[in-house]
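Quick note: the sequence shown uses the working numbering, first residue 1239, plus one each step. Beta carbons: idealized from backbone N, C-alpha and C, even for Gly. For reference, the structure discussed in these notes is given below.
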Amino acid sequence: MSSAANEVNFDGIVGPTHNYAGLSFGNRASMKSAGAPSNPRLAARQGLAKMRILHELGPAQGVLPPPQRPDPTALGGLGVGHLAPVDALTQLSAVSPALLATAMSASSMWAANAATVSPSADCADGRVHLTPANLVSTAHRSFESVQTRSMLSRVFADPERFVVHDALPAAAAFADEGAANHSRLARSHCEAGVEMFVFGAEPGEAPTLGFPRRQSRLASALVARSHGLAADRTMLVRQSPVAIDSGAFHNDVVAVANESVLFAHEGAFADRDAVRRDLPEWVELIEVPEAEVPLDDAIASYLFNAQLLTVPSGRMLLVAPGEVAETPSTGRYVEQLVASSGPIGEVRIVDLRQSMRNGGGPACVRLRVVLTESEQAALSGRVIVDDTSLDALEGWVDRHYRDELRPDDLRDHQFIDETCRALDELTQLLDLPELYPFQR
Ligand code: SUG
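If you want it as C-alpha cells, here you go:
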C-alpha cells in the first residue's frame, strides 16, 4: 500500500489541424468521415468543455499539448526535410494526396494512445513508468511518438519519481497503441493493482483479411516487463477478433475499468471464461450481453468508450458520449444500469461529436495517470487546469482556431503559420517554454 493517490486525467488538447482524412482503416467513424469539412475550433471547445465538467466534479484534470504539424522528423524521414514546410507538403501531396493529411494529422488528441502508464504502487522501483506508444499500425499516428516522448519527458521530468521510456522499436512485431489497450484494476487507486494488457495478435501470426490487429502481444509483454510489474499482477488478454473486425480497433471501444470494476461487452475478449477465471476475486465484472446491446450498437455509440470515475457519492460515474443516449439499445441499457443497485450510479452525457467522427470518444481523449500528492506536485509546467486556465485556453482556441477546415487548406502556408503562432502562445499558457522544435 502506498500513500494517498488519485487518478489524474490528462486530456489531449485538440490541435488546430483537426480534420477528417479517413486515415484509419478499421475505425468505422474515420472511414465514414473521410473528406468531410471539420471544425477545429468546435472540436477543441468540445474537448475543453468536457475537461471543465470533469474538473468541476473534483478530480484533478490535466492537459497535454498537441504536437507541431507538420512534424520535422516526419518530413525528414519522408525525404523533404530540407524544404520549407509548405513546399515539403506540396511535394508530398504530388506523390500521394493522403501524405498531406498524414503529415498534418491532429491525431495526438486521442491521448489514450499517447503512452502506457503504470502508477508507482505497481512498479518494482516505486516510480511512475510511462512508455510512449509507437503507433506503427497507422502511418499518420506513427509520427506522434517522437514529440510525445519529448513532451512527456518535459512534464514528467523528475527522475526520482518518473521514468519516461523510449517507445518500442517501430516494427509490426512491437506494434503498441498505449493505454487504449491497457486497463488497471485495483481495490482503490492507491493500492497496488492488476494491470490488464489486451492484444490483438501474436507476433508472426498470419495477417487476416479483416481489420488490422493494432496491438501486438510482444509489445504488451515488453511494456509490462520494463515497467517492473509483478508477473502475478499482470494479465495478457487477447481481444476478440470478431470485435476487431466489427470496428473495435482498440479494446477501449468495448471495455473500460475503474478501480475494482470492469465494464465490458460480452464479446470484448477472445476467451471470456479465461478472463473471468483470471480476474482477482475482488473485481466486479459488469458484462453487457449481446441480447441487450448488440456489439455493433456498442461500437457505433461508444458505450464503453466512456470515462468511469470514482466520485464522492460512493457509486461510480460513467461519462459517455451523446451517441449513447441516442442509440435505442444503449440508451435503454444505461437507464437500467443506474436504476440497478450496481456500482455505476450515474451517467453524464458529453458532446464530443467532432472527435467522435474520427472514432474518438471520452475515453480516447484522456490519458489516465494515478499520482500520489507528491508526484502530482512534481509535475512540470501548468498542466493541471483550474477555472482560470480553462477560460484562458478557451480564449486561446477562439483567437487561433479555424471554424472550418477542408483537406486542401492543410497545405496553405498561412494556415501553417497560424498553427505555429497558436502553439507558441500555448507554451506560454502552459509554462512549457521551447517545447516545440520550431521554438528551439
Ligand atoms: O487511431 N482516429 C484515431 C482514433 C483513436 C481513438 N482512440 C482510442 N480508441 N483510444 C485512430 O484510429 C482518424 C484520423 C483521420 O481519419 O483523419 C484517427 O486517427
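Residue range of the beta strand (DSSP E) that includes residue i
i: LEU1423; result: 1420-1423
i: ARG1604; result: 1604-1610
i: SER1680; result: The displayed coordinates of the chain run from 1239 to 1678. Any statement about residue 1680 would go beyond what the structure contains.
i: ALA1359; result: It is not in any beta strand (DSSP E) - ALA1359 carries neither H nor E in the DSSP assignment.
i: HIS1651; result: Taken as a continuous stretch (DSSP letters only), HIS1651 belongs to no beta strand (DSSP E), being part of the alpha helix (DSSP H) at 1651-1667.
i: ALA1243; result: 1243-1250
Bridge partner(s) assigned by DSSP for residue i
i: PRO1397; result: Answer is none; PRO1397 lacks a bridge partner.
i: PRO1297; result: Looking at the DSSP assignment, PRO1297 forms no beta bridge with any residue, so it has no partner.
i: ALA1439; result: SER1454
i: PRO1370; result: ALA1353
i: VAL1492; result: DSSP, once it has assigned bridges, lists no residue as partnering VAL1492.
i: MET1389; result: None; MET1389 has no bridge partner.
i: LEU1643; result: SER1276
i: ILE1622; result: GLY1300
i: GLU1433; result: ARG1422, THR1472
i: VAL1402; result: LEU1368
Proximity below 8 Å, CB of residue i to CB of residue j
i: LEU1286; j: ASP1641; result: no
i: VAL1402; j: PHE1412; result: no
i: ALA1424; j: GLY1431; result: yes
i: VAL1576; j: ILE1582; result: yes
i: VAL1572; j: MET1347; result: no
i: GLY1569; j: ARG1591; result: no
i: CYS1428; j: ALA1243; result: yes
i: ALA1267; j: ASN1596; result: yes
i: LEU1670; j: ARG1379; result: no
i: ASP1396; j: ALA1457; result: no
i: LEU1338; j: SER1331; result: yes
i: TRP1634; j: GLU1672; result: no
i: LEU1547; j: PRO1297; result: yes
i: ARG1455; j: ALA1439; result: yes
i: VAL1549; j: GLU1522; result: no
i: GLY1505; j: GLU1528; result: yes
i: LEU1628; j: ARG1586; result: no
i: VAL1246; j: LEU1609; result: yes
i: MET1434; j: SER1426; result: no
i: ASN1257; j: LEU1643; result: yes
i: VAL1366; j: VAL1607; result: yes
i: PRO1532; j: GLY1273; result: no
i: ARG1649; j: THR1340; result: no
i: ALA1352; j: VAL1374; result: no
i: LEU1605; j: PHE1263; result: no
i: SER1551; j: ALA1508; result: no
i: SER1567; j: GLU1530; result: yes
i: GLY1623; j: PHE1542; result: Checking the sequence, you will find Val at residue 1623 rather than Gly. In this structure, PHE1542 does not lie closer than 8 Å to VAL1623 by Cβ.
i: LEU1390; j: LEU1368; result: yes
i: LEU1222; j: GLN1299; result: A question about residue 1222 goes unanswered here, because the residues of the chain that appear run from 1239 up to 1678.
i: LEU1631; j: PRO1303; result: no
i: ALA1536; j: VAL1494; result: no
i: THR1354; j: VAL1461; result: yes
Anticipated Cβ contact below 8 Å, residue i with residue j, distance rounded
i: LYS1288; j: PRO1600; result: 6 Å
i: ARG1307; j: THR1255; result: 5 Å
i: TYR1540; j: VAL1562; result: 7 Å
i: ALA1282; j: TYR1639; result: 6 Å
i: ARG1451; j: ILE1482; result: 6 Å
i: GLY1466; j: ALA1349; result: That belief does not hold up - the Cβ atoms of GLY1466 and ALA1349 are roughly 23 Å apart, past 8 Å.
i: ARG1471; j: PHE1437; result: Not confirmed; about 18 Å, so no contact.
i: ALA1418; j: ASN1496; result: Going by Cβ atoms, the distance from ALA1418 to ASN1496 rounds to 15 Å, so no, they are not a contact pair.
i: VAL1324; j: HIS1651; result: 4 Å
i: ALA1259; j: SER1383; result: About 19 Å separates the two Cβ atoms, so there is no contact after all.
i: ASP1309; j: PHE1400; result: Actually they are not in contact, since the Cβ atoms of ASP1309 and PHE1400 sit about 24 Å apart, beyond 8 Å.
N- and C-terminal bounds of the alpha helix (DSSP H) containing residue i
i: ILE1587; result: From DSSP, ILE1587 is part of no alpha helix (DSSP H) but of the beta strand (DSSP E) over 1582-1588.
i: PHE1381; result: Looking at the DSSP string, PHE1381 is not in any alpha helix (DSSP H), and its letter there is neither H nor E.
i: GLU1632; result: 1625-1638
i: GLN1592; result: 1591-1594
i: SER1271; result: 1266-1271
Closer than 8 Å to chain C by CB, residue i
i: GLN1574; result: Checking the listed chains, one finds no chain C in this structure; it contains a single protein chain.
### Task
Return the chain-ordered ranges of every beta strand (DSSP E) run that is complete within the stretch 1494-1578 and spans a minimum of 3 residues.
1499-1503, 1522-1526, 1545-1548, 1554-1559
### Task
Please go through the stretch 1445-1478 and give each complete alpha helix (DSSP H) segment of 4 or more residues, from N-terminal end onward.
1455-1464
### Segments assigned beta strand (DSSP E), at least 3 residues, entirely inside the stretch 1284-1353
1299-1302
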